[in-house]
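Single-structure report; data block below.
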Amino acid sequence: RDGLRSSPLLASDRFSRSRFDITDNSQIEVAPLKITSIPRLELQAAVMGTRMATTVIEEHDRNRDKFYWTDSKTVLTWLKNGARSYKPFVAHRIAAIEENSTLNEWRWVPTKQNVADDDATNTEI
Numbered sequence: 045r046d047g048l049r050s051s052p053l054l055a056s057d058r059f060s061r062s063r064f065d066i067t068d069n070s071q072i073e074v075a076p077l078k079i080t081s082i083p084r085l086e087l088q089a090a091v092m093g094t095r096m097a098t099t100v101i102e103e104h105d106r107n108r109d110k111f112y113w114t115d116s117k118t119v120l121t122w123l124k125n126g127a128r129s130y131k132p133f134v135a136h137r138i139a140a141i142e143e144n145s146t147l148n149e150w151r152w153v154p155t156k157q158n159v160a161d162d163d164a165t166n167t168e169i
């Protein structure tokens, strides 16, 4: 084929938690995706929450008091200790949260009272 090769197509299947690499000659290699821990997912949600709140406040041209609620004591501990105390994954996300919020804006809520988790915990499969 004249030495030309197309880039592999990467597809992800969230149900089987696998990644499929499809090359130009239609060979498929399957590799399991790395599973992300709940504390890391909670941390990523905190980053998204602070970024969204900052965007909404900037777009509406209002500076109001804001509070962030989490049921993750791990995330709150990470925030209290600061970005320098951790490995890159956590440190970078803590730094991103610190850009958009202060520690005194963060509150803890018990999981059973967290309305954000209502759909996830009350859903029967």
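Using the working numbering, read the sequence shown as starting at 45 and increasing by one per residue. Where is the CB? At the ideal position from N, CA and C, for every residue including glycine. These numbers come from a predicted model, not from an experiment.
Under the DSSP definition of a beta bridge, Arg128 lacks any partner. Going by beta carbons, Gly126 and Ile141 fall outside the 8 Å limit. Within the same chain, and ignoring the five residues on either side of Val134 in sequence, the residues whose Cβ sits closer than 7 Å to its Cβ are Leu87, Trp122. No Cβ-Cβ contact shorter than 8 Å links Asp115 with Trp150. Distance from the CA atom of Asn144 to the CA atom of Lys124, rounded to whole angstroms, is 15 Å. By a beta-carbon distance limit of 8 Å, Pro83 contacts Thr118. Their separation comes to about 4 Å. Thr146 is classed as exposed because its beta carbon has fewer than 16 other beta carbons within 10 Å across all chains shown.
Within the DSSP bridge table, the entry for Trp122 names no partner. In the three-state reduction of the DSSP assignment, Thr80 falls in the coil class.
When only Cα atoms are considered, Asp109 and Glu103 end up about 15 Å apart. CA-CA distance, Ala97 to Leu77, rounds to 31 Å.
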